[in-house]
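Below is one structure, written out as structure tokens, with a few remarks after it.
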Amino acid sequence: MPPDKKRQHNMIIDAHTTKKPKIGSTENVDHFLSNVRAFILKACIEKARLQIFKTQLTRFGGKDDDVLSDKTTHVIVDDKVDLLKMCRILQLEKPPDINIVKSSWLSNCFREKRLVDTKDYELDSSNFIKKIDESVKNINKSTNQKNQIPCNESETTKNDRQFPTVSALLSAFQKKEHRSDGADYDSDSDYVPSDNDEELEDLTSSSTSTTPSTSPMKAFPKGNWICSQSSKNEKPNFNKHITDKLEEMAQTYSSTNDKWRAFGYQKAIQQLKKLPKQITSWEEAMSLPGIGKRLADKIWEIAESGDLRKLNEFKSSEEVQVISLFTNVWGAGPHTARVWYQQGFRTLEDLHSKAKLTHQQKVGLRHYDDFMDRMPREEAAEIEKTVCDAAESIQPGIIAHACGSYRRGKTTCGDVDVLVTHPDGKSHKGIFSKLLTRLKEQGFLTDDLVSAEENGNQKKYLGVCKLPGDGQRYRRLDIIVVPYDEYACALVYFTGSAHFNRSLRHLAKKMGMSLSEHSLNTGVVRKGPEKIYEGTPLLTPTEESVFKHLGVPYRPPEERDH
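With the UniProt record's numbering applied, the sequence shown covers 1 to 562.
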């Protein structure tokens, strides 16, 4: 049997018998990595650095595996990645029984131009089970602590509290996160479908603790929480002349997919809005939490001159203007908009006549002006009534409410989100397709964008509607059908505002809980920003109960417009 075939055969039979390269070999010095077949985990490795690794690996005789296979001899991970994270990313129950080494090993091989011993760079497999055991011990320990939930646990959980076993945690590590690419499916809704800002918050936080959060419910954390305040009682913004300019900068960076800079500007805006007076010096700006020298320079430039040169550069930049224009096409986010710009397109007509568009982008382009025009509140009410009447005609007793900016009492709305459920907990199940069919037969629904997006027990339709009559515009409409036991959390989620919801989710996280459109969970296990156990859902029959569990006063929708 040829050596390569024999090595592959042995590896399949027993990974422990894999032939390892000879350390310190001086033979074929230019190809000292000839016995290395590496799979490089891309997570946390910058694109430029990753390309260097791949180029140098093959240059010195190694093989670069795009996927992990039984022929792979080494798995290369960033020095910050541990085995738990690696297994979660690769959806593995346990680490593969081959060399798993830090990327610094590969760097040293390149630098010394020889095969360096992996001993000091290997990730310890024994630590994998040890960390899981510690998590389980911490969870079990928490059950013996005094109950900090202000009501009987048997009455507040949907089922008896079950804490995770090792197998449950392993299952959680493998679970793939289903997140839509928001960059390519931007809408004008007021809700935010992910916790990206909380993740950025964690990454920029000064805390370095990685101890899992295991307490069923922690004490209410100190802080000036937005979700505990009424938007009607907001303090005056003494630095509006500054925050308006910074808001434009944040929006520009968001449209170009520069999330880090956009996040930095949003943090600065929040800090400035809290100030009880106008900024009067550069030193004052510099002293604000989270604001560095460059941002302080810009704040002071606006305070002194009323203008910002960088913003003016953006406004005069053809690239920024065109990308901003293209980003507003439904179904096209910053990445797609930039690709179109690089292909030479400059106008919406260019897209219509030359670009290769998806179905969603064709619809978005066709109704571009209508989608960009905010509808009056009265029109949103008519759309809600049309959906509600159709649902009621199919299933008596159905509940259908418009959420978003309409429910918060805004005078205009960008789109309409209608939440549908039934109080008997079961009659909602058959209504989704029947409701869409009925609305299409009426000529009310004109275009499908996403005909059926399933999210757990919830079903969501994204499309376009048009009220009967002359002069009516095409409007964006989302219909979400949810089970009744998820209705309260879904109502909070889809009502918004985005800022209010982020505050609620972040508060829940600080309390060892987790809030989503499905449920409010307690006993959540986290390792740093990563959630490794989902916890147990609390009973939330009403919006008020969600607020009560979180220890904040109930705010009616019109007071959540932060």
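Ideal placement from N, C-alpha and C gives every residue a C-beta, glycine not left out. Bear in mind that the values here come from a model prediction, so they are computed numbers and not experimental data.
Assign residue i to one of three DSSP states: helix, strand, or coil.
| i | result |
| --- | --- |
| Gln442 | coil |
| Val416 | strand |
| Val363 | helix |
| Gln145 | Any answer about Gln145 is weak, because its pLDDT of 45 lies below 50 and its placement is not dependable; what the coordinates show is given next. Coil at Gln145, not helix or strand. |
| Asp78 | coil |
| Glu304 | helix |
| Thr411 | coil |
| Pro376 | strand |
| Leu295 | helix |
| Asn108 | helix |
| Ser324 | helix |
| Glu93 | coil |
| Glu517 | coil |
| Thr437 | helix |
| Phe432 | helix |
| Val525 | strand |
| Ser34 | coil |
| Leu41 | coil |
| Asn233 | helix |
| Tyr406 | helix |
| Leu68 | coil |
Just checking my contact of residue i with residue j at CB under 8 Å: how many whole Å lie between their CB atoms?
| i | j | result |
| --- | --- | --- |
| Phe32 | Thr72 | Contact doesn't hold; Cβ gap of about 18 Å is too wide. |
| residue 576 | His422 | No answer is possible for residue 576: the residues shown for the chain start at 1 and end at 562. |
| Gly463 | Leu445 | 5 Å |
| Leu520 | Val482 | Contact flag wrong, Cβ pair sits at about 14 Å. |
| Arg475 | Cys465 | 6 Å |
| Leu246 | Ile226 | Actually they are not in contact, since the Cβ atoms of Leu246 and Ile226 sit about 18 Å apart, beyond 8 Å. |
| Glu301 | Leu295 | That pair is no contact at about 11 Å. |
| Gly290 | Gln271 | 7 Å |
| Ile279 | Ala303 | 5 Å |
| Lys460 | Asp478 | 6 Å |
Could you check which residue in the options has the C-alpha nearest to that of residue i?
| i | options | result |
| --- | --- | --- |
| Cys415 | Gln266, Gly404, Ile98, Val387 | With the sequence shown as reference, residue 415 is identified as Asp, and Cys is not the correct amino acid for it. Minimum Cα distance to Asp415 is reached at Gly404. |
| Leu379 | Leu90, Ala268, Arg473 | The identity of residue 379 in the sequence shown is Glu, whereas the question assumes Leu. Of the listed residues, the one whose Cα sits closest to Glu379 is Arg473. |
| Glu543 | Thr522, Phe494, Lys235 | Phe494 |
| Lys80 | Leu57, Val116, Glu122, Ser497 | Glu122 |
| Ser393 | Ser305, Arg560, Gln442 | Gln442 |
| His428 | Gly409, Asp417, Glu486 | Glu486 |
| Thr540 | Lys527, Val492, Glu559, Arg555 | Val492 |
| Val420 | Arg408, Ser433, Thr412 | Ser433 |
| Thr327 | Ile45, Ser254, Lys548, Ala402 | Ser254 |
| Asp417 | Ile98, Gly528, Ile398, Ile383 | Ile383 |
| Pro553 | Ala337, Lys298, Ser230 | Ser230 |
| Lys102 | Met86, Leu92, Asn257, Leu90 | Met86 |
| Arg114 | Asp561, Gln56, His352 | Gln56 |
| Gln363 | Leu348, Arg374, Met375 | Note that residue 363 corresponds to Val in the displayed sequence, not to Gln. Considering only alpha carbons, the answer is Leu348. |
| His335 | Ala390, Lys259, Arg366, Trp282 | Lys259 |
Taking residue i as part of the alpha helix (DSSP H), name the residues at either end of that continuous run.
| i | result |
| --- | --- |
| Arg261 | 259-274 |
| Glu284 | 282-287 |
| Phe314 | 309-316 |
| Leu538 | Taken as a continuous stretch (DSSP letters only), Leu538 belongs to no alpha helix (DSSP H), as it is neither H nor E. |
| Gln51 | 47-59 |
| Ile398 | First-last for Ile398: undefined, no H or E at that position. |
| Phe494 | 487-495 |
| Ile100 | No alpha helix (DSSP H) contains Ile100, which is instead part of the beta strand (DSSP E) from 99-102. |
| Glu122 | It is not in any alpha helix (DSSP H) - Glu122 carries neither H nor E in the DSSP assignment. |
| Lys354 | 348-354 |
| Gln251 | 240-255 |
Would you tell me roughly how many angstroms separate the C-alpha atoms of residue i and residue j, rounded to the nearest one?
| i | j | result |
| --- | --- | --- |
| Ile76 | Leu504 | 38 Å |
| Met286 | Ser107 | 38 Å |
| Pro396 | Gln458 | 20 Å |
| Leu311 | His74 | 48 Å |
| Ser514 | Gln343 | 43 Å |
| Trp340 | Gln266 | 28 Å |
| Lys277 | Asp244 | 16 Å |
| Gln361 | Cys413 | 21 Å |
| Thr358 | Val450 | 12 Å |
| Ile52 | Pro468 | 60 Å |
| Gly264 | Asp97 | 42 Å |
| Lys232 | Asp64 | 58 Å |
| Met372 | Thr437 | 27 Å |
| Pro557 | Ala508 | 19 Å |
Let's see if you can read the secondary structure: which residues bound the beta strand (DSSP E) around residue i?
| i | result |
| --- | --- |
| Ile279 | Counting along the chain, Ile279 falls outside any beta strand (DSSP E), and DSSP gives it neither H nor E. |
| Ile480 | 475-481 |
| Gln458 | 458-465 |
| Thr500 | What sits at residue 500 in the sequence shown is Phe, not Thr. Unbroken run through Phe500 is the alpha helix (DSSP H), 498-510; no beta strand (DSSP E). |
| Thr336 | Per DSSP, Thr336 belongs to no beta strand (DSSP E); it is in the alpha helix (DSSP H), 334-342. |
| Asp64 | 63-65 |
| Tyr533 | 530-533 |
Please tell me whether residue i has its Cβ less than 8 Å away from any Cβ of chain E.
| i | result |
| --- | --- |
| Lys54 | The structure shown has no chain E; it contains just one protein chain. |
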